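What follows is a short report on a single structure.
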């Protein structure tokens with residue numbers, strides 16, 4: 270979760286966040302060899318480090334993660350609750366086995382230069398990069414503006430961006446297919462309000478965007494629906510018939526690294 274959205278009074282994580290966490294932990298487990306032996310990870314724009322903590326908990330103490338976020342204050346920078354996690358405000362030239370760019374590129378004006386710089390600066394000789402982005406510019410709304418999103422992506426445009434950045438996609442797909450309906454309804458409501466009532470959508474506090482004040486039972490039901498949604502439509506994706514989702518993801522390898530390994 271983005272630090273701007275963190276609500277310290279919130280006790281239950283948003284179902285979108287928990288299901289996303291479980292999905293990508295499983296993805297890393299299936300696709301990264303030797304992950305339990307320990308790897309070095311850079312988590313860019315890691316926010317409150319929810320996913321980083323889940324990675325350490327799942328894959329053991331040999332995994333080391335640097336959480337990079339320019340918004341970190343002294344409390345975060347000095348946090349030692351997880352010895353395997355280090356919090357930093359500025360990137361350095363350290364090389365990593367895996368770089369996480371989860372819902373980051375949509376905040377960056379020049380996404381190509383940013384991605385190219387990360388690829389050259391932080392990926393070692395046998396690297397992976399996991400990226401997630403919000404999809405479909407037609408769904409761009411006041412919700413995106415409040416979060417500081419510059420754009421949304423189509424799967425095709427994101428794949429092209431990755432390939433032009435000397436990255437080769439190992440596997441990719443979409444998540445949260447059913448949520449497109451709700452985002453589309455929200456966009457339509459915003460459009461109708463502006464056109465017919467000449468009113469702009471109200472800017473809610475950013476902490477309200479990540480807020481989840483529902484009970485355990487309702488939360489578990491929503492998590493179940495989202496999990497079934499991702500599993501069901503994911504089957505069609507594996508069959509070569511991808512179905513649009515609210516999130517596009519891709520696990521990549523550095524092209525140069527792969528070619529070197531092939532020639533050795």
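Numbering (my numbering), first residue to last: 270 to 533.
Heads up, the beta-carbon is just placed ideally off N, CA and C, and yes, glycines get one too.
Since the structure is predicted, the reported quantities are computational estimates derived from the model, not experimental observations.
Have a look at the DSSP bridge pairing and note the partners of residue i.
i	result
residue 422	404
residue 436	523
residue 516	403 and 444
residue 310	334 and 367
Just mark residue i as buried or exposed, buried being the case when its beta carbon has 16 or more other beta carbons within 10 Å.
i	result
residue 407	exposed
residue 490	exposed
residue 440	exposed
residue 350	exposed
residue 375	buried
residue 421	buried
residue 379	exposed
With DSSP run on the structure shown, which of helix, strand or coil describes residue i?
i	result
residue 441	strand
residue 464	helix
residue 498	helix
residue 318	coil
residue 481	coil
residue 474	For residue 474, the pLDDT reaches just 49, beneath the cut-off of 50, and the residue's location in the model is therefore unreliable, although a value from the coordinates is still provided. DSSP places residue 474 in coil when its eight states are reduced to three.
residue 503	helix
Any heavy atom of the ligand MG closer than 8 Å to the beta-carbon of residue i?
i	result
residue 485	With respect to the ligand MG, the structure offers nothing, as it holds no ligand at all.
Where do the N-terminal and C-terminal ends of the alpha helix (DSSP H) with residue i fall, by residue?
i	result
residue 511	No alpha helix (DSSP H) holds residue 511; DSSP gives it neither H nor E.
residue 289	284 to 300
Exercise. What residue ranges within the segment 327 to 411 form continuous alpha helix (DSSP H) runs of no fewer than 4 residues, ordered along the chain?
Worked result: 343 to 346 and 380 to 391
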